[in-house]
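Below is one structure; the comments refer to it alone.
There are 2 protein chains.
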Amino acid sequence: MSLRIALLGLLSFSGPASGYDLAKNFEKSINYVWQAGHSQIYPELAKMAADGLITVEAEGPRGRKIYTATREGVDELRGWLIAHTPSDPVRSEYAIQAYLLQLLDPLEALAVLGRMTAGIEAKLKGLEELSAVKRSAAEQTRFGTYALDLGIRHAHTTLAWARDTATAISPEAVEGRNPGETGSTDAG
Amino acid sequence: MSLRIALLGLLSFSGPASGYDLAKNFEKSINYVWQAGHSQIYPELAKMAADGLITVEAEGPRGRKIYTATREGVDELRGWLIAHTPSDPVRSEYAIQAYLLQLLDPLEALAVLGRMTAGIEAKLKGLEELSAVKRSAAEQTRFGTYALDLGIRHAHTTLAWARDTATAISPEAVEGRNPGETGSTDAG
DNA sequence: GGAAACATGTAATGGGTTACATGATTAA
DNA sequence: TTAATCATGTAACCCATTACATGTTTCC
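Chains as they are written, first to last, in the working numbering: chain A, 1 to 188; chain B, 1001 to 1188.
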């Protein structure tokens, strides 16, 4: 359902577009918040057309099909936005690892948390750069910025959590982790 | 893969257990972080047994099967914890709605954000109550608490984001939202 | 005897990822 | 002519949800 809504939304923003256009557009906007590749998008567009939510307005070169949202499609989108209460099932591999960390000894657990921290920092850096680019280029819609903002905030939260958890597991070990020291050879 | 790991983890904590036990246990622990029902757990256990990660140690009354992790299972779990970098694909209906809100007029958008806020507040309340219960009952493992903590932090973050976004859309309208006023009939 | 909880499964369906497959157009 | 990019699809497989289906034990 969400994919359908996302595609209807993109069509509403951009006007008539092909599956290829939508896939490209998806990749650099909603993608930060919901993932889908062309192999999922093309069949979904076919189903949406069969359901009367969109129509093939025209066919261009190379078999390019131009879709437009129908009245039903617009209604569907508006109805979902206004009436649908989002579900937010948490499905976090980070949290699973956190839950199971006690099966490792403290030093191993700290190493795992260190890897987590690095991963989240990298992701956060990417999102923030993107945010800066989009803001300056003004290529981004106002609300697209808000979605990106949510992503950045969540990454910050996860990062802070990983650091605090590391501290809770072993305060001394974490405090000893200053730049230039690895803490692996000299314990004192 | 994650389900497998979660089940191996639960088995490691509890010792030998049946699918039923694991499903119950799952529901009140990892469930806040990764969801799976019995209809997913039973087949997965069968596959894990076929793959040599667990074995049926004994059979109890009512066809109850008691599983234990094998050496391979323990290795698999430890290997995943130590080597696997968690993926955290964001798949948030909240964010999709945020992205598409500009298709509504500001008053409609505010109503949607209000519903979001209420939903997240309810969820947060549930998680925090649970956290209090678990802390007092000491029934919770130390790291299970950390996973729950992550859930609570994320909910807080989403809530703050929803409020800030509402303010950004329409500062006046949001400031006017005091208890006792609905703001729907008298526009001020 | 009947309800509740124990205990285990399968089937149908939907959603998502990866890989496979094909062909047209454009620009170097 | 050949590489890049445009453009569209299918197939195999995995994971997840909901509903269906069955039988046992315990307790009232």
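Built from N, CA and C at the ideal position, the CB exists for glycine as well.
Item: Start-end ranges of the alpha helix (DSSP H) lying completely within the segment 1096-1174 of chain B, minimum 4 residues; Value: 1106-1137, 1142-1169
Item: Rounded Cβ spacing between B/Pro-1016 and B/Ile-1066 (contact assumed at less than 8 Å); Value: 5 Å
Item: Cutoff 8 Å: A/Leu-81 Cβ touching any chain B Cβ; Value: yes
Item: Interface flag, B/Glu-1121 vs chain A, CB-CB below 8 Å; Value: no
Item: Classification of A/Glu-93 by the beta-carbon crowding that lies within 10 angstroms, buried from 16 upward; Value: buried
Item: Helix, strand or coil at A/Ile-69 according to DSSP, with G and I counted as helix; Value: Going by the sequence as given, residue 69 of chain A is Ala instead of Ile. If DSSP states are grouped into helix, strand and coil, A/Ala-69 belongs with the strands.
Item: Residues bridged to B/Thr-1085 [DSSP beta-bridge criterion]; Value: Bridge partners of B/Thr-1085: none, in fact.
Item: Run of the alpha helix (DSSP H) containing A/Ile-41, from where it starts to where it stops; Value: 38-50
Item: Rounded C-alpha distance that separates B/Pro-1106 from B/Ser-1170; Value: 7 Å
Item: B/Ser-1092, DSSP secondary structure in three states; Value: coil
Item: Chain-ordered residues of the segment 1084-1096 of chain B with a beta carbon less than 7 Å from chain A; Value: Thr-1085, Pro-1086, Ser-1087, Asp-1088, Pro-1089, Val-1090, Arg-1091, Ser-1092, Glu-1093, Tyr-1094, Ala-1095, Ile-1096
Item: Distance, B/Leu-1053 Cα to B/Ala-1109 Cα; Value: 50 Å
Item: Buried/exposed call for B/Arg-1004, threshold 16 Cβ in 10 Å; Value: buried
Item: Under 8 Å from the C-beta of A/Thr-117: neighbouring residues of chain B; Value: What A/Thr-117 touches in chain B: nothing, since even the nearest Cβ is about 12 Å away.
Item: Secondary structure of A/Ser-12, DSSP reduced to three states; Value: helix
Item: First and last residue of the uninterrupted beta strand (DSSP E) at B/Ala-1058; Value: 1054-1059
Item: Cβ of B/Glu-1108 within 8 Å of any chain A Cβ; Value: yes
Item: B/Ser-1002, DSSP secondary structure in three states; Value: helix
Item: In DSSP terms, what A/Ser-18 is bridged to; Value: A/Ile-66
Item: Residue-chain proximity (A/Val-112, chain B), Cβ-Cβ < 8 Å; Value: yes
Item: Any chain A beta carbon closer than 8 Å to B/Tyr-1099; Value: yes
Item: Chain B residues whose Cβ lies nearer than 8 Å to that of A/Ile-5; Value: Ile-1096, Leu-1100
Item: A/Thr-145 beta carbon less than 8 Å from that of A/Ile-120; Value: no
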